[in-house]
Amino acid sequence: MWKQRLAAAATALVLAPVALVGAIAGPAGAAPVDKKCQEPPGCIEVQPALLGDCWEVKCEITLLVTTSAPRDVVVRYKTAEGSATDGKDFKGEPDGKATIPAKEQSVQLPPLVIPDEEKESDEDFYLYFGSSDKDVIVKPDILRVVIKDGP
Ligand SMILES: [Ca+2]
Numbered sequence: 016m017w018k019q020r021l022a023a024a025a026t027a028l029v030l031a032p033v034a035l036v037g038a039i040a041g042p043a044g045a046a047p048v049d050k051k052c053q054e055p056p057g058c059i060e061v062q063p064a065l066l067g068d069c070w071e072v073k074c075e076i077t078l079l080v081t082t083s084a085p086r087d088v089v090v091r092y093k094t095a096e097g098s099a100t101d102g103k104d105f106k107g108e109p110d111g112k113a114t115i116p117a118k119e120q121s122v123q124l125p126p127l128v129i130p131d132e133e134k135e136s137d138e139d140f141y142l143y144f145g146s147s148d149k150d151v152i153v154k155p156d157i158l159r160v161v162i163k164d165g166p
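Residues 16 to 166 in our numbering are what the sequence shown spells out, letter by letter.
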């Protein structure tokens with residue numbers, strides 16, 4: 016009997032470090048820590064955001080920088096359909112480019128939502144962001160936009 020217990024204890028000891036490594040690495044899918052951003056001068060962080068609700072007639076999507084940069088910050092974006100249809104509910108953009116001018120805090124994306132007279136329920140589409148500038152990171156890099164009908 017004690018031999019079995021010993022074997023069980025030994026197995027637990029072997030498994031423990033694996034569990035520990037798992038705990039340090041964090042949950043699966045967590046964003047890797049970007050080392051370059053921790054070292055001076057760090058990165059320019061851009062955050063996409065909706066200003067209020069996205070209505071058919073008024074949907075303001077903005078890119079904000081956490082600290083204004085001494086130079087232009089260029090962000091690329093593209094759209095993807097959710098329940099909203101490209102060309103009908105929103106103007107799809109396969110290769111968009113938005114520039115936050117030097118020393119400024121934000122830029123607004125050109126209007127993407129197409130208003131109509133139809134009564135519809137909420138529909139969504141997605142925006143994917145990125146930058147070819149290695150010092151620029153966009154977080155989060157996906158924004159879900161829910162289009163509200165009307166008013
Ligand atoms: Ca409508």
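We put the beta carbon where it would ideally sit given N, CA and C, even for glycine.
Placement of the Cβ of glutamate 119 at a distance of 7 Å or more from every heavy atom of ligand 1 is found. Residue environment: isoleucine 157 is assigned as exposed (fewer than 16 neighbouring CB atoms within 10 Å of its CB, all protein chains considered). Membership of leucine 124 in any beta strand (DSSP E) is not indicated, and neither H nor E is assigned to it by DSSP. Serine 147 and arginine 91 have their C-alpha atoms roughly 8 Å apart. Only residues of its own chain outside the window of five on either side were considered, and among them Asp164 have a CB closer than 7 Å to the CB of lysine 134, listed in chain order. Under the three-pair Cβ rule at 8 Å, the stretch 106-125 counts as touching the stretch 78-85. Counting only the Cα atoms, phenylalanine 105 lies some 14 Å from serine 136. Listed in chain order, the beta strand (DSSP E) runs fully inside the stretch 47-105 are 59-65, 76-80, 88-96, counting runs of at least 3 residues.
Our two residues, cysteine 74 and glycine 57, have alpha carbons roughly 32 Å apart in a direct line. Per the DSSP secondary-structure output, glutamate 138 pairs in a beta bridge with Ile162.
In this structure, the beta-carbon distance from arginine 86 to alanine 113 does not fall below 8 Å. Straight across, the Cα-Cα distance linking valine 161 with glutamine 53 is about 34 Å.
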